[in-house]
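Counting in the working numbering, the sequence shown runs from 2 upward without gaps.
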Amino acid sequence: MSYDILKPVPRDRRIYRGIDVFLLWAGGNTCLATIFTGGLIAPQLGLINSILIIIIAATIGGLLLGLVAIAGAREGLPTMVLTRRVVGRRPSYIASILNALQLVGWASILLYVSAEAMATAFKSLGFNGVIADAVFWVVVIGVVETVYTAIGPEKWVWYQRVAVTSLLIVLIYETHALINYCLSMPEKIVLFKSATSSSLLWSFDMVLATAVSWAPLVADYARFASTERGAMMGTWWGYGVTSYILYSIGALAAIVTGAYLGDPTQVLMKLGLSAVLLFFVSVSAVTTNLLNIYSAVMSTLNVFPRLKYVPLVIVYGIFTTALAVVPVLILNFEFFLIYIGIVFVPLTTTLIIHYLVPSRRHSSIVGLTSWITGAVVGLIISIWLGYAATLVSLIVTAIIYTVLSRLIS
């Protein structure tokens with residue numbers, strides 16, 4: 002990177018077409034962590050209710066990401082730099098630090114899960130020793146994703162086109178194999194399950210919170226898009242389509258195995274698809290974590306703009322790899338998602354209104370007050386009810402921002 006992230010990306014460097022943005026987000030969202038999240042909700046809802054919740058929540062979440070992408074493409078700035086105008090420069094530092102923390106958390110979780118899957122797959126193929134050791138794969142994948150991140154998003158285009166297209170083909174093949182396997186045991190498929198309103202809202206909140214956790218990254222890449230439409234549609238549907246497929250796979254695997262967080266990798270290995278699994282895991286870990294690490298660096302540069310890009314990538318790559326060796330975050334995965342929603346749902350809401358509704362652009366005190374209030378409301382709801390914090394926080398923040406902007410005007 003040879004330019005200041007506090008300044009808009011020059012027009013001649015906005016090289017991402019709509020399909021490139023689509024592939025970027027399809028690759029970023031195609032990973033084992035997305036599948037496992039689908040396994041969180043299925044045991045409570047049954048297959049049909051799970052799929053309905055997935056479609057509705059992922060569509061809304063994808064739309065929110067698409068709206069952030071419009072702002073990023075229009076302004077040519079990273080997401081955390083955009084928040085300077087919304088909540089103020091110093092408060093944007095807080096958001097940046099929290100974002101860097103959550104991205105390192107996501108990256109370490111995915112790296113750990115991917116390394117475990119790689120080790121298990123090699124064991125199923127009869128390998129022993131280092132190549133079947135999860136720690137070995139943590140280091141290998143960690144090094145590869147760090148190197149690719151260091152290259153920078155302007156040089157990812159052809160890699161993403163080849164890697165993600167191949168990944169999506171493999172995903173379709175895996176999906177076909179999994180569905181056929183599950184259909185061979187129809188007695189295990191629970192289509193309908195009596196679900197309470199609380200379990201429905203909890204599941205909706207989980208899927209929506211996962212989508213919103215991507216929002217602080219969106220403008221980091223949308224700023225390289227050649228058009229606002231391409232940025233918006235590519236982000237929305239790159240995330241949305243893969244969410245429909247991957248969440249549903251996770252839900253189906255959890256129901257068929259009868260286990261909370263049912264592991265689809267075990268099903269694939271039973272079908273003799275260990276080699277396919279190896280390709281899926283190795284490529285998807287890189288296409289996802291290069292986004293996590295890159296955006297953690299962008300968040301850091303918002304606070305410390307004089308730091309150098311490549312050294313920061315290396316630092317975050319090492320830190321992520323070290324965390325994946327001792328994966329304490331895995332034990333609190335659900336709470337981790339809730340924490341993300343509490344912080345970033347109201348911030349995303351204020352950012353969207355600020356940039357996409359010109360009549361609502363006001364001083365940063367409006368955005369800051371709305372953000373803090375929305376986060377507090379989300380925290381109270383999550384403690385009181387244990388669900389619906391994301392949805393309530395989104396609505397409350399939008400109302401507060403609108404009311405305050407009218408009072409001030």
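Note that beta-carbon positions come from the ideal geometry of N, C-alpha and C, so glycine has one too. As the structure is a prediction and not an experimental result, all values here were calculated from the model.
Quick check on the DSSP output: the alpha helix (DSSP H) that includes M81 runs from which residue to which?
Looking at the DSSP string, the run of the alpha helix (DSSP H) that includes M81 is 80-88.
Which partner residues does A223 have in the DSSP bridge list?
Note: A223 sits in no beta bridge, so no partner.
With 16 other Cβ atoms within 10 Å as the buried cut-off, status of V144
Looking at its Cβ environment, which holds fewer than 16 other Cβ atoms inside 10 Å, V144 is exposed.
Which of the three DSSP states is assigned to Y17 in this structure?
In the structure shown, Y17 sits in a strand (DSSP, three-state: E or B).
Go ahead and label I179 buried or exposed: buried means 16 or more other beta carbons lie within 10 angstroms of its beta carbon, across all protein chains shown.
Looking at the sequence shown, residue 179 is not Ile but Leu. When all chains shown are included, L179 counts as buried.
Considering Cα atoms alone, identify which of A276, N303, S365, V287 is closest to K124.
For K124, the nearest C-alpha among the options comes from A276.
Beta-carbon proximity check, A465 vs W107, cutoff 8 Å
Outside the shown range of the chain (2 to 410) lies residue 465, about which nothing can therefore be said.
Assuming M207 is part of the alpha helix (DSSP H), what are its boundary residues?
Under the DSSP assignment, M207 falls in the alpha helix (DSSP H) whose first and last residues are 198-213.
Would you call the segment 287-298 and the segment 22-37 in contact, with 3 or more CB pairs under 8 Å?
Taking a contact to require three or more Cβ pairs closer than 8 Å, the segment 287-298 and the segment 22-37 qualify as touching.
Helix, strand or coil for A389, going by three-state DSSP, please let me know.
Here A389 sits in coil by DSSP.
Cβ-based neighbour list, V344, same chain, cut-off 7 Å, excluding 5 preceding and 5 following:
Same-chain partners within the cutoff: L99, A376.
Helix, strand or coil, according to DSSP, for F281 in the structure here?
If DSSP states are grouped into helix, strand and coil, F281 belongs with the helices.
Can you look up P11 in the DSSP assignment and give me helix, strand or coil?
Three-state DSSP puts P11 in coil, outside helix and strand.
Select from W157, L126, V158, E117 the residue whose C-alpha is nearest the C-alpha of V141.
Nearest of W157, L126, V158, E117 to V141, Cα basis: E117.
Considering only the beta carbon of each residue, do S214 and I341 sit closer than 8 Å?
For S214 and I341, yes; Cβs fall inside 8 Å.
Continuous alpha helix (DSSP H) stretch holding L64: start and end
Run containing L64: 48-76, per the alpha helix (DSSP H) assignment.
Compute every distance between the C-beta of F345 and the non-hydrogen atoms of the ligand NAD, then say whether any falls below 7 Å.
For the ligand NAD, the structure offers nothing, since it holds no ligand at all.
What does the alpha-carbon distance come out to for the pair V163 and L112?
Between V163 and L112, the alpha-carbon positions lie close to 22 Å from each other.
Cα-Cα separation, Q45 to P11:
Whole-angstrom Cα-Cα distance: 49 Å.
From I411 to E229, what does the alpha carbon distance come to, in whole angstroms?
In this structure the chain extends from 2 to 410, so residue 411 is not present and cannot be described.
Would DSSP call T398 helix, strand or coil?
T398: helix per DSSP, three-state reduction.
Does the beta-carbon distance from Q40 to A212 come in below 8 Å?
Here residue 40 turns out to be Gly, not Gln, going by the sequence shown. No, the pair does not count as a contact, with Cβ atoms beyond the cut-off.
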